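Chains A and B supply the protein sequences, listed in that same order. Following my numbering, the numbering of the first sequence begins with 1 at its first residue and continues without gaps. Following my numbering, the numbering of the second sequence begins with 336 at its first residue and continues without gaps. Here a beta-carbon is modelled for each residue, glycine too, at the ideal position from N, C-alpha and C. Nothing here was measured: the structure is a model prediction, and the numbers come from that model.
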Amino acid sequence: MSKIMLEVNGLTTKYITRYNESVYAVNDVSFQVEEGKSVGIAGESGCGKSTLALSLMGYYFPPLHYTKGDIIIDGRNISGMDPDDVRKNILGTEIAYIPQAAMNALNPTRKVIRFIEDVIWAHDPKISKKDIHDLARERFETLNLPEDTLNKYPVELSGGMKQRTVISISTILSPKVLIADEPSSALDVTSQKMVIKMIHDLMELGYIKSMIFITHELPLLYNVTDDIMVMYAGQIVERGSADQMIFDPIHPYSKGLMGSILVPEDGTRDVKITAIPGTPPNLKKPPDGCRFAERCQYVKSQCRVQNMELAGLGNGRTSRCMMSEEELREAYKNE
Amino acid sequence: MKGYGKYFTKKIIWFFITLVAAIILNFALPRLMPGDPVAMIISRVAQNINDPAVLRQMYESYMQRFGLDRPVIEQFFIYVGNLLQGDLGLSFSRYPRPVSDIIAHALPWTIGLQLPAILVGWTLGNVLGALAAYIRKGFDKALMPIMLFMGGIPAFGMAIILLTVFSLNLGLFPIAGGFEQGLIPHMSWRFVFSIIQHYHLPFWSIVLISIGGQAIGMRSMSIYELNADYVKYSRYMGIKDRKIVGYVFRNAMLPQVTGLALSIGAMVGGALVAEIIFSYPGLGTTLLQAIREGDYPLLSGIALIITVMVLLAVFILDVIYGLIDPRVRAAQYEE
């Protein structure tokens, strides 16, 4: 078994609203990512995907607050570390982040190379300017970005270029874990492809050791990641390999989510798109039982009282449901 | 720098176009005003002369002297020619003193008062606004109403308040003038001290009215920039907060520079009013005297000088703005 790069145990984080209410956007999340692997996180808007991404950084700004749980990166527990220590020794070097809105992620009045200097000096003020420039040039060359990008202001770059520049900057210190929060959502398909290729290259070249890829575009996840986790209302409801999750989802919510995919393939014009009825629960007051119970077509009375833990299904899969795999398969067959 | 050259050329062309427009207006406006200035001079100079023939002769001799007997177009070219030689004509009320001489005496007082006052007011306002945005909480809540109040007071109101409180009631500062009456301007400690004492109230009244508006603008710009995506991304790349605050305030300053360029005309106007209230020996007070005494050459000379100063200030600010904001250059490049 290969080395575990990221281990998350019972991570819970909350937003404290203006009226002092707590919203647990990430609730008791546990999972592992092995070296060389990429894990996708899918789920509808507001399910906590992006909050999970930020929570994993171990660096919290109001209104987001850490509540409990462990984040262990390559054997080192970063939860509970001094924030300044996290800033200096973890962010960017151990775990790095590609933001959702890379369009505005760079300071508009600072040249790309100046920002790279700032990033590197924030972690090691002793590195010489020349070393930084050499590193940046080398990285941009291997990642197929034009070298003159370094001397440009962000406003002079196109959307796709900006996103690829941000990815190069995020990974410049070779982090062990890369968290990509919808890095390609705002791009056209050609730029999207380049971004995805770049992410593959990063992994192959060893610039990153593992990755978490967040998106609401499921077909994209199938292409990019080894495993897929489905999140619902701040919790992980199912995890399996990309193949299993796309073609053979077990949890009723995953099933519903995969049923909503639109793919431009033969015959799909006539396939009826199913949508999951209802809306996710209010996380200020989550239900006692299963969080999906309200919207689940296979709901039983017990579901509304008792919340299940993630349980192994064999084959390395896990799911959070009252019903067994057999019961669920039986139910799906009868549809 | 190619983009900047284009920007600079454009700004310089605009500067000359507005300058020509100002000169034409300055030439035309006094001539469109009702009343005959020469008749006014005659009535003052020739109080004891009753012979109509002598009066007529005097009238014609003045008309000739001021060039008013020639066609308007010719007058205009003579005017421009004189202007280029620094000759603004002769004052009516202090005849035969040249207007340029009167202005040359008043100008140092005005520049010495207004330039530091506007710059100090602008800087203090921006620093206070930035602090309010960064600290928030009590500081912001206490400061903003004061700033709104100060920004709302008209220039003469602030001058009168300061005059009443500090000089009439408390007797801390002299009521009027640029230096103690009876003193002959020369370099001595007594004279310098007297200048500083007379300087305080007009200076602070201009500073205080400039602070308010600037602080309010800077506060909202800073709050906007503090929530920008690049702030979040920079934080997650491990850059120190102090550095990020530097980014934020630099970017928030940019619209403030434009704001200064836009409001400098109004600021100079307000400062002239402050001069009048404190009988400061600058252009404002001279302007008021010129209006009272129907001294058209002096009036138009002062108006022209003020216009040129404001145009110059706006031009300088535009040039600076192009240097500090790369987006301006990029925009020129795209055209």
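I need the DSSP call for residue i, collapsed to helix, strand or coil.
{"i": "residue 145(A)", "result": "coil"}
{"i": "residue 67(A)", "result": "strand"}
{"i": "residue 511(B)", "result": "coil"}
{"i": "residue 14(A)", "result": "strand"}
{"i": "residue 279(A)", "result": "coil"}
{"i": "residue 73(A)", "result": "strand"}
{"i": "residue 8(A)", "result": "strand"}
{"i": "residue 427(B)", "result": "coil"}
{"i": "residue 670(B)", "result": "Because the pLDDT at residue 670(B) is just 47, under 50, the model does not fix this residue reliably, and the value given afterwards should be weighed accordingly. Reduced to three states, the DSSP call for residue 670(B) is coil."}
{"i": "residue 312(A)", "result": "strand"}
{"i": "residue 294(A)", "result": "helix"}
{"i": "residue 289(A)", "result": "coil"}
{"i": "residue 186(A)", "result": "coil"}
{"i": "residue 236(A)", "result": "strand"}
{"i": "residue 24(A)", "result": "strand"}
Return the first residue and the last residue of the alpha helix (DSSP H) that residue i is part of.
{"i": "residue 58(A)", "result": "Unbroken run through residue 58(A): none, as it is neither H nor E."}
{"i": "residue 93(A)", "result": "No alpha helix (DSSP H) holds residue 93(A); DSSP gives it neither H nor E."}
{"i": "residue 326(A)", "result": "325–333"}
{"i": "residue 192(A)", "result": "189–205"}
{"i": "residue 556(B)", "result": "524–561"}
{"i": "residue 119(A)", "result": "112–123"}
{"i": "residue 594(B)", "result": "576–612"}
{"i": "residue 619(B)", "result": "618–627"}
Using a Cβ-Cβ distance under 8 angstroms, would residue i count as near chain A?
{"i": "residue 477(B)", "result": "no"}
{"i": "residue 572(B)", "result": "yes"}
{"i": "residue 582(B)", "result": "yes"}
{"i": "residue 562(B)", "result": "no"}
{"i": "residue 567(B)", "result": "yes"}
{"i": "residue 341(B)", "result": "no"}
{"i": "residue 661(B)", "result": "yes"}
{"i": "residue 417(B)", "result": "no"}
{"i": "residue 575(B)", "result": "yes"}
{"i": "residue 670(B)", "result": "Per-residue confidence for residue 670(B) stands at a pLDDT of 47, beneath the threshold of 50, marking its modelled position as unreliable; the derived number appears in the next sentence. No - not a single Cβ of chain A is within 8 angstroms of the one on residue 670(B)."}
{"i": "residue 471(B)", "result": "no"}
{"i": "residue 586(B)", "result": "yes"}
Alpha carbon to alpha carbon, how far is residue i from residue j?
{"i": "residue 75(A)", "j": "residue 35(A)", "result": "12 angstroms"}
{"i": "residue 534(B)", "j": "residue 458(B)", "result": "19 angstroms"}
{"i": "residue 32(A)", "j": "residue 598(B)", "result": "59 angstroms"}
{"i": "residue 358(B)", "j": "residue 639(B)", "result": "7 angstroms"}
{"i": "residue 93(A)", "j": "residue 78(A)", "result": "13 angstroms"}
{"i": "residue 670(B)", "j": "residue 124(A)", "result": "Bear in mind that the predicted position of residue 670(B) carries a pLDDT of just 47, short of 50, making it unreliable; the figure below should be weighed with that in mind. Approximately 41 angstroms, taken between the alpha carbons."}
{"i": "residue 651(B)", "j": "residue 356(B)", "result": "19 angstroms"}
{"i": "residue 408(B)", "j": "residue 402(B)", "result": "12 angstroms"}
{"i": "residue 290(B)", "j": "residue 443(B)", "result": "Nothing can be reported for residue 290(B): it is not among the residues displayed for chain B, which extend from 336 to 670."}
{"i": "residue 381(B)", "j": "residue 389(B)", "result": "10 angstroms"}
{"i": "residue 397(B)", "j": "residue 406(B)", "result": "16 angstroms"}
{"i": "residue 308(A)", "j": "residue 573(B)", "result": "38 angstroms"}
{"i": "residue 723(B)", "j": "residue 113(A)", "result": "Outside the shown range of chain B (336 to 670) lies residue 723(B), about which nothing can therefore be said."}
{"i": "residue 111(A)", "j": "residue 215(A)", "result": "29 angstroms"}
{"i": "residue 394(B)", "j": "residue 420(B)", "result": "27 angstroms"}
By a C-beta neighbour count over all protein chains shown, 10 Å radius and 16 as the cutoff for buried, is residue i buried or exposed?
{"i": "residue 591(B)", "result": "buried"}
{"i": "residue 151(A)", "result": "exposed"}
{"i": "residue 181(A)", "result": "buried"}
{"i": "residue 236(A)", "result": "buried"}
{"i": "residue 385(B)", "result": "exposed"}
{"i": "residue 168(A)", "result": "buried"}
What first and last residue would you give for the beta strand (DSSP E) that runs through residue i?
{"i": "residue 213(A)", "result": "210–214"}
{"i": "residue 100(A)", "result": "Premise fails: residue 100(A) is in no beta strand (DSSP E) and is neither H nor E."}
{"i": "residue 381(B)", "result": "Looking at the DSSP string, residue 381(B) is not in any beta strand (DSSP E), and its letter there is neither H nor E."}
{"i": "residue 452(B)", "result": "Premise fails: residue 452(B) lies in the alpha helix (DSSP H), 434–470, not in any beta strand (DSSP E)."}
{"i": "residue 261(A)", "result": "Segment: none, residue 261(A) is in no beta strand (DSSP E) and carries neither H nor E."}
{"i": "residue 228(A)", "result": "227–232"}
Hey, is residue i's beta-carbon within less than 8 angstroms of any beta-carbon in chain B?
{"i": "residue 314(A)", "result": "no"}
{"i": "residue 105(A)", "result": "yes"}
{"i": "residue 211(A)", "result": "no"}
{"i": "residue 176(A)", "result": "no"}
{"i": "residue 88(A)", "result": "yes"}
{"i": "residue 6(A)", "result": "no"}
{"i": "residue 118(A)", "result": "yes"}
{"i": "residue 108(A)", "result": "yes"}
{"i": "residue 256(A)", "result": "no"}
{"i": "residue 136(A)", "result": "no"}
Shorter than 8 angstroms from the beta carbon of residue i to some beta carbon of chain E?
{"i": "residue 429(B)", "result": "Among the protein chains of the structure shown, namely A and B, there is no chain E."}
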